[in-house]
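With UniProt numbering, letter number 43 in the sequence shown gets 43, and the count goes up by one each step, no holes. Shown next, in structure tokens, is the structure this report addresses.
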Amino acid sequence: MFLLEIDNFMILMDYFLIFKKNTMRKKDTFTGEKILVIPKKSTKILKKNQFTKDLYVTDIGFFPNAKYHYRERNKDCSEYILIFCVKGSGWIEVNGKRDFLLKNHYHIIPRNTSHKYASNHDDPWSIYWVHFSGENTNHFVLPQDYPRILNDNTNSKLEDRIHLFEEIYYTLEEGFSLNNLEYSSVLIINLLGSLKYLSLYRKSREIYKKDPISKTTVYMKDNLNKNITVHDLAVHCGLSVSHFCLLFKKRTDHSPIEHLTILRIQKACHLLDFSSLRINEIARAIGYDDPYYFTRVFKNIMGKSPSSYRLKKD
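As structure tokens, this is what we get:
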């Protein structure tokens with residue numbers, strides 16, 4: 001009997017070690033990731049706008065091969081969270097109930113709900129995710145069992161949903177003009193509608209195309225820590241400074257430097273969320289030598305200081 005108890009104990013210990021190994025936590029960035037946080041000022045517009053107040057995006061991103069990814073929140077997340085796994089596996093726990101998330105599975109986490117989720121260490125997931133809110137979200141998030149599966153026999157439909165995720169991301173990456181905000185709301189309605197009305201969903205056309213403004217945005221993101229001038233940006237996309245500024249303003253509703261600042265603050269939000277870097281280190285990483293100036297710029301865009309933002313998110 002004693003030996004049997006020892007054997008059972010050793011089996012439990014082996015299971016615990018395997019489980020711990022498969023869910024090791026790491027608060028870090030992931031190679032090839034995309035992440036975007038809507039500024040507080042733009043969120044206020046979304047809440048009041050008659051066109052967007054029913055359903056709108058607050059955060060969106062993509063984490064490829066997200067080894068050690070782990071997130072835990074109490075009931076302080078006021079948005080719904082859609083997580084769509086395109087590769088690998090992980091798990092999601094909502095109100096103490098844990099479910100595995102595999103390739104082509106998606107899960108919608110209710111707002112104001114305690115939850116946590118993690119990538120499988122041996123088979124790390126790649127996930128698209130989006131936080132959304134609004135007065136009419138319940139219409140798109142019906143009570144049902146999660147996770148849900150999108151069958152492999154509809155691969156073209158899976159690709160279309162990925163295009164919708166990416167179109168939302170690229171639309172907002174180009175700026176927070178009213179047109180971009182409203183269009184992103186149309187896209188999230190389309191995405192959630194394709195999940196709710198699964199049998200009625202029809203293949204959509206890929207709209208996003210490369211152009212000078214998109215190329216400029218990519219260049220900005222790749223050089224956030226550098227001293228970029230408007231002349232540098234105009235040369236990069238092959239336009240005169242005056243024509244470039246006019247085209248950029250018309251497309252994004254921001255000047256090039258204003259947009260660069262927004263991208264830097266978005267990157268700062270990500271580093272505050274997913275790294276342990278100090279405030280001054282984050283400032284330098286996105287091109288600000290003066291951490292006090294960085295703090296003022298951050299507060300002007302996000303409505304709170306970097307330290308307050310990090311405390312609320314943790």
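Backbone N, C-alpha and C define an ideal beta-carbon position, used for all residues, glycine too.
Helix, strand or coil at residue i [DSSP, three-state]
i           : result
residue 193 : helix
residue 156 : With a pLDDT of 48 at residue 156, under the threshold of 50, the modelled position of this residue cannot be trusted, and the question is left open.
residue 100 : strand
residue 212 : helix
residue 130 : strand
residue 204 : For residue 204, the pLDDT reaches just 38, beneath the cut-off of 50, and the residue's location in the model is therefore unreliable, leaving the point undetermined.
residue 94  : strand
residue 119 : strand
residue 148 : strand
Nearest neighbour of residue i, chosen from the options [CA to CA]
i           : options               : result
residue 136 : 77, 46 and 61         : 46
residue 253 : 173, 165 and 197      : 173
residue 120 : 56, 71, 268 and 165   : 71
residue 268 : 103, 63, 297 and 158  : 297
residue 88  : 235, 78, 272 and 105  : 105
residue 69  : 53, 124 and 58        : 124
residue 33  : 270, 284 and 281      : 270
residue 211 : 226, 294, 240 and 251 : 251
residue 184 : 255, 52, 305 and 228  : 52
residue 227 : 284, 93 and 90        : 284
residue 92  : 118, 239, 74 and 103  : 118
residue 74  : 221, 150, 95 and 176  : 95
residue 171 : 159, 186, 157 and 158 : 186
residue 277 : 239, 307 and 299      : 307
residue 221 : 242, 196, 111 and 266 : 266
residue 102 : 31, 112, 90 and 195   : 90
residue 138 : 122, 97, 55 and 194   : 55
Beta carbon of residue i nearer than 9 Å to that of residue j
i           : j           : result
residue 237 : residue 215 : yes
residue 286 : residue 224 : yes
residue 141 : residue 80  : yes
residue 288 : residue 264 : yes
residue 115 : residue 108 : no
residue 188 : residue 86  : no
residue 66  : residue 126 : yes
residue 257 : residue 230 : yes
residue 305 : residue 29  : no
residue 175 : residue 262 : yes
residue 240 : residue 249 : no
Whole-angstrom C-beta distance between residue j and residue i, which should lie under 8 Å
i           : j           : result
residue 191 : residue 161 : 6 Å
residue 128 : residue 165 : 4 Å
residue 64  : residue 302 : Not a contact, Cβ separation roughly 26 Å.
residue 233 : residue 219 : 7 Å
residue 213 : residue 247 : 7 Å
residue 76  : residue 131 : No, residue 76 and residue 131 are not in contact; Cβ-Cβ is about 13 Å, not under 8 Å.
residue 272 : residue 310 : 4 Å
residue 78  : residue 181 : Not really, about 18 Å apart at Cβ, beyond 8 Å.
residue 61  : residue 83  : At roughly 11 Å, the Cβ-Cβ gap does not stay under 8 Å, so residue 61 and residue 83 are not in contact.
Alpha helix (DSSP H) runs wholly inside the UniProt domain "HTH araC/xylS-type" (214-312), at least 4 long, in chain order: 230-237, 241-252, 256-274, 279-285 and 291-302
Contained beta strand (DSSP E) runs [length at least 3] in the segment 31-91, N- to C-terminal order: 34-37, 56-63, 70-73 and 80-87
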